[in-house]
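*Asks:* Read top to bottom, the protein sequences are chains A and B. Residues in the first sequence are numbered consecutively from 1, following my numbering. Residues in the second sequence are numbered consecutively from 1, following my numbering. Here a beta-carbon is modelled for each residue, glycine too, at the ideal position from N, C-alpha and C.
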Amino acid sequence: MADVPIRARLADLRRHRGLVRRPRLSFPFAPPTVPGGVEPPAPTRRLGADYDTDWARRYPARWARTVILEGVMRPSVAALASTERQGLDRLEGLEGPVIFAANHHSHLDTPVALTSLPEPWRYRVFVGAAADYFFRTRATAAASALVMGAIPIERSKVTRRSADQAAALIAQGWSMLIYPEGGRSPDGWGQPFRGGAAYLSSRCDIPVVPLHLEGTGRILRKGSKVPRPASTRVTFGSPLRPEAGESATRYAERIERAVAELADEATTDWWQARRRAASGQTPPLSGPEAPAWRRAWALTARDRRRRRQVRRWPAL
Amino acid sequence: MPRPGFVLDVDRSTPPILFHHGESFRLEKLPAGRSRVIYPAEPLAALDDVDAAIRDALERPLGDSEPLHALLRPGMKLTICFDDISLPLPPMRRPDVRQRIIEAVLDQAAAAGVDDVHLIAALALHRRMTEAELRHAVGDRVYDAFAPHGLLYNHDAEDPENLAFLGTTPQGEEVEINKRAAESDLIVYVNINLVSMDGGWKSTATGLASYRSLRHHHNVKTMRHSRSFMDRHASELHSSNWRMGEVLKGAGVKIFQIESTLNNDTFGTSGPMSVLQKREWEWSGRDRASFIAMKAGLDRMPMGARRKIFQSWKAPYGVTSVCAGEVDAVHEVITQNTFAQQLVPVEGQTDILTMGLPYICPYNVNSVMNPILVMCLGLGYFFNLYRGQPLVREGGVLIMSHPTPWEFHPVHHPSYIDFFEQVLADTTDPAEIEARYEKQYAEDEWYRHLYRTSYAYHGVHPFYMWYWGCHGLAHLGKVIVVGGEARSVRRLGFTPASTLDDALEMASDVVGRDATMTHLHNPPIVMADVT
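Here it is in structure tokens:
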């Protein structure tokens, strides 16, 4: 036997594998077999917009999220995106649940926004996340619900389920972080705001706080996989409320305008931004209506202007 | 759309089948090619607005009855009677449908200026309901408004001062019911029809009756000729109650009957218990994990803790229909609604019928399932869950799965203890038991005292439990209990077996080696329509 090469002995073992009785798990330790003649029901869809995130609102998940937020997310954001926060004074006196409506450039927007939210909203907020992206698989859905407290928002078709779910959570005192553009910017400029935030604000009678995130696109823009550290700025706007008789579309436009004014404030200064707003000349979030190369050119010009304003050392 | 119940022919691919086993479970592989399993239907859709359905039922009564508000007037005597703790099983989550109905009735009574209102738990010879149980059934608002003034109470079938004799049927059956109810201008009876046996004239003629009256249909002869209890038109028990109903009508007792049906949602669609109402091959990974964890935990727990866990379960039943009005008309519609949820067509009888008995029966809510109740649940209730002909052929074998501990609740079942020790030690023949022992137990002053002042079932109650199973006893060739305590199983006159395989081996002595086998996958409740 010692003369038989090891390869031959392995082949022999493989040949006789069928004779060796391997222990097999039986039901219920193994999945059940289906009896003949029985049509097993189609598996119920539990992903996408149907994913149930109730568990992420229970205390074990909330505690875990707090640990992740403070122990992982905050140090990571500090390392990648040194964040300057402005406009927090505008939230003074504001109580109860609110909707934070932000522009969207990068996957980094949510960590930056979540670590920037002041208390009491920081630990009682959920994020409206794309059902077809963040809730596509069981693993991403669970991770999104746990880490961001996300709920799935259907963006490819009109459905009441997402709105009902968000309204129910708001009714329980939860605030919402939503990106009304519906997805990350493809080219660095913004996209038109959809009516979801405005609709929920009107339906639940809670204010919308416009939020402008600047600089996250430079760190991890759409399509890039490796983050490049840079500085960011988060600007909180004054809370907005629906006006009497105002439609969700008009209200959404007003929210978009408020975020555009914050963007203007972030790239210039508050006074210039106010003057331009008063004269109706606030640059739109969506950038100039021009061919792609000119839009890209305008974007780099804006970034250059912003970068010039950053002073690492005091002027002596 | 809920799927209807169906009969599964067991093949080699069929996974092991769930058997309830008291406060635990068993998974049993059934022989392929000669076995079948009767699965219950999925829960029917519950009413969206139960309160609106109740109001509608009161406004638009069935049969020869005016709407409730037209029957109410100032100065009248109104008595609201309701089913006791034995319904539904398991108890339903708050608010109990009885509470909803009673509140709707009382709203109308208040609007009509009715002052003289009594509420009576129609429990016949069952134990009295505790305050907590009454509160659960009628709700805190009703309890706090009536009980402190002595206007909400349990029926007392042994209080001669408060019983009224109303006459006899042509067959000589004496009709004696609660005096307050009999002398009321209107009885409103609030039913929960968990199975087709419930409701109709049985509500008043049994629920509010005395031993003098009950003995005419709760006896061996009547029970043997009730085939089955679940089919009113083939049940001598019901025929007797309907005859008594005629006497009640003749005596001028006016009844406004309100019956309701529940769906099959016994264990819910989420949570660890939900696996119990799923078909085995549809168990997900989570279901299997929760079942394994639940079974492992239960098997390691002391019996008291297990019992406490199970008895605390409140079923999330949905109300599927509410009807009110004249007794027969209401009962006819409600029975059809019950059948719509529970009836499953089954072709032909079987040689061996198997069933896993759960932790609860009508007489051990918040109590102990003693061996006599095991017999009653298996042979009295589950065996009788048929229409047409019994699921098992005459001379066939019944295999039940239950631990059958030699254990009794000393407060609830005092006469059961003596019945088990004294009567069953002597004989298990129902007719002989009835002839030799019933009167002694029924008229025992101590049992009577415990029934009236404590929370004990009446002294004669264990006899009735034994009679419930007498049709099954006469029909079957052998009864085997799998996993039961051997000495208590033998005391019942049955054969103990350690495993289902052992039981099948024993059964083969009676029905042969290639006997056909049918498993009743119950609960949730399923009733076989055997052709």
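Flag proline 60/A as yes if its beta-carbon sits less than 9 Å from any beta-carbon of chain B, otherwise no.
*Replies:* Taking Cβ atoms only, chain B never reaches closer than 9 Å to proline 60/A, which makes this a no.
*Asks:* If I measure Cβ to Cβ from methionine 303/B and keep anything under 6 Å in the same chain, skipping five residues before and after, which residues do I get?
*Replies:* Counting only Cβ-Cβ distances below 6 Å, and skipping sequence neighbours, we find nothing.
*Asks:* Give the interface partners of glycine 37/A over in chain B, defined as CB-CB distance under 7 Å, in chain order.
*Replies:* Chain B residues near glycine 37/A: Asp9.
*Asks:* Report the CB separation of valine 397/B from leucine 476/B in whole angstroms; it is logged as a contact under 8 Å.
*Replies:* That pair is a contact at about 7 Å.
*Asks:* Using a Cβ-Cβ cut-off of 9 Å, state whether threonine 533/B counts as contacting chain A.
*Replies:* With chain B covering only 1 through 531, there is no way to say anything about residue 533/B.
*Asks:* Just the chain A side, please: which residues come within less than 9 Å of isoleucine 292/B by C-beta, in chain order?
*Replies:* Within chain A, the residues near isoleucine 292/B are Pro28 and Phe29.
*Asks:* Can you tell me whether DSSP reads proline 430/B as helix, strand or coil?
*Replies:* Helix.
*Asks:* Cβ closer than 8 Å: which chain A residues qualify as neighbours of arginine 73/B?
*Replies:* Under the 8 Å cutoff, chain A gives no residues; its nearest Cβ is about 45 Å from arginine 73/B.
*Asks:* Would threonine 33/A pass as an interface residue toward chain B - the criterion being a Cβ-Cβ separation below 9 Å?
*Replies:* Yes, threonine 33/A counts as interfacial toward chain B.
*Asks:* Distance cutoff 9 Å, beta carbons only. Does methionine 1/A sit that close to anything in chain B?
*Replies:* Its pLDDT being 48, under 50, methionine 1/A is placed unreliably by the model, and nothing is read from it.
*Asks:* Start and end of the alpha helix (DSSP H) containing methionine 1/B?
*Replies:* First-last for methionine 1/B: undefined, no H or E at that position.
*Asks:* Please specify which runs of the alpha helix (DSSP H), each continuous and at least 4 residues long, are wholly inside the region 27-65 of chain B, giving them in chain order.
*Replies:* Within the region 27-65 of chain B, the complete alpha helix (DSSP H) runs of at least 4 residues are 50-59.
*Asks:* When DSSP labels each residue in this structure, what does cysteine 470/B get in the three-state scheme?
*Replies:* If DSSP states are grouped into helix, strand and coil, cysteine 470/B belongs with the helices.
*Asks:* Of all the CB atoms in chain A, is at least one closer than 9 Å to the CB of arginine 288/B?
*Replies:* Arginine 288/B counts as touching chain A.
*Asks:* Under 8 Å, with one C-beta from each stretch per pair, do the region 313-330 of chain B and the region 251-263 of chain B reach the 3-pair mark?
*Replies:* Short answer: they touch.
*Asks:* Note down the Cα distance separating histidine 532/B from tryptophan 466/B, rounded to an integer number of angstroms.
*Replies:* It is not possible to answer for residue 532/B, since the shown part of chain B is limited to 1 through 531.
*Asks:* What is the DSSP secondary structure of tyrosine 153/B, reduced to helix, strand or coil?
*Replies:* It is a strand residue.
*Asks:* Is arginine 232/B buried or exposed, if buried means 16 or more other CB atoms sit within 10 Å of its CB?
*Replies:* Counting Cβ neighbours within 10 Å, arginine 232/B comes out buried, since at least 16 surround it.
*Asks:* Verify the CB distance criterion: does glutamate 28/B have a CB-CB separation below 9 Å to chain A?
*Replies:* False, the Cβ-Cβ gap to chain A never drops below 9 Å.
*Asks:* So histidine 126/B is in the beta strand (DSSP E); what residue range does that whole segment cover?
*Replies:* Premise fails: histidine 126/B is in no beta strand (DSSP E) and is neither H nor E.
*Asks:* Please list the terminal residues of the continuous beta strand (DSSP E) segment that includes valine 188/B.
*Replies:* It spans 186-190 - the beta strand (DSSP E) in which valine 188/B sits, taken as one unbroken run.
*Asks:* Step through the CB atoms of chain A and report whether any lies within less than 9 Å of the CB of glutamate 280/B.
*Replies:* It does: the Cβ of glutamate 280/B has a partner Cβ on chain A nearer than 9 Å.
*Asks:* Give every residue of the same chain whose Cβ lies closer than 7 Å to the Cβ of tyrosine 455/B, excluding the five residues on either side of it in the sequence, and list them in chain order.
*Replies:* Correct list, in chain order: Arg127, Arg128, Thr130, Val411 and His412.
*Asks:* Report the rounded CA-to-CA distance for glycine 512/B versus alanine 293/B, giving the unit in angstroms.
*Replies:* Roughly 38 Å separates the two Cα atoms.
*Asks:* Quick check on the DSSP output: what are the complete alpha helix (DSSP H) runs of length 4 or more inside the region 132-202 of chain A, in order along the chain?
*Replies:* DSSP runs (the alpha helix (DSSP H)) wholly in the region 132-202 of chain A: 138-148 and 160-171.
*Asks:* Using the Cα positions of arginine 241/A and glycine 71/A, report the straight-line distance between them to the nearest angstrom.
*Replies:* Going by the C-alpha atoms only, they are around 35 Å apart.
*Asks:* By how many angstroms is the C-alpha of leucine 220/A removed from the C-alpha of alanine 226/A?
*Replies:* The sequence shown places valine at residue 226/A, rather than the alanine named in the question. Their Cα atoms are separated by approximately 7 Å.
*Asks:* Is there a C-beta anywhere in chain A that falls below 9 Å from the one on glycine 250/B?
*Replies:* No, no contact with chain A.
*Asks:* By the three-class DSSP mapping on this structure, what secondary structure does phenylalanine 291/B have?
*Replies:* Reduced to three states, the DSSP call for phenylalanine 291/B is helix.
*Asks:* Name the residues in the region 94-111 of chain A whose C-beta lies less than 8 Å from a C-beta of chain B; which are they?
*Replies:* Answer in chain order: no residues at all.
*Asks:* Can you check whether the C-beta of glycine 285/B is within less than 9 Å of a C-beta belonging to chain A?
*Replies:* With 9 Å as the cut-off, glycine 285/B counts as an interface residue toward chain A.
*Asks:* Assuming glycine 75/B and glutamate 103/B form a contact by the criterion Cβ under 8 Å, report the distance between their Cβ atoms to the nearest whole angstrom.
*Replies:* At roughly 22 Å, the Cβ-Cβ gap does not stay under 8 Å, so glycine 75/B and glutamate 103/B are not in contact.
*Asks:* Is proline 5/A close to chain B, meaning its C-beta is less than 9 Å from at least one C-beta of that chain?
*Replies:* Not closer than 9 Å to any Cβ of chain B, the Cβ of proline 5/A fails to qualify, so no.
*Asks:* Report back the beta-carbon spacing between alanine 113/A and leucine 213/A to the nearest angstrom; my notes put them in contact at under 8 Å.
*Replies:* 6 Å between Cβ atoms; contact.
*Asks:* Over the uninterrupted alpha helix (DSSP H) stretch that includes isoleucine 372/B, give me the two end residues.
*Replies:* Its alpha helix (DSSP H) spans residues 371-375.
*Asks:* Can you name the residues of chain B whose CB is closer than 7 Å to the CB of arginine 40/A?
*Replies:* For clarity, residue 40/A is proline in the given sequence; the question names arginine instead. Ordered by position in chain B, the residues that pass the 7 Å Cβ test against proline 40/A are Trp281 and Glu282.
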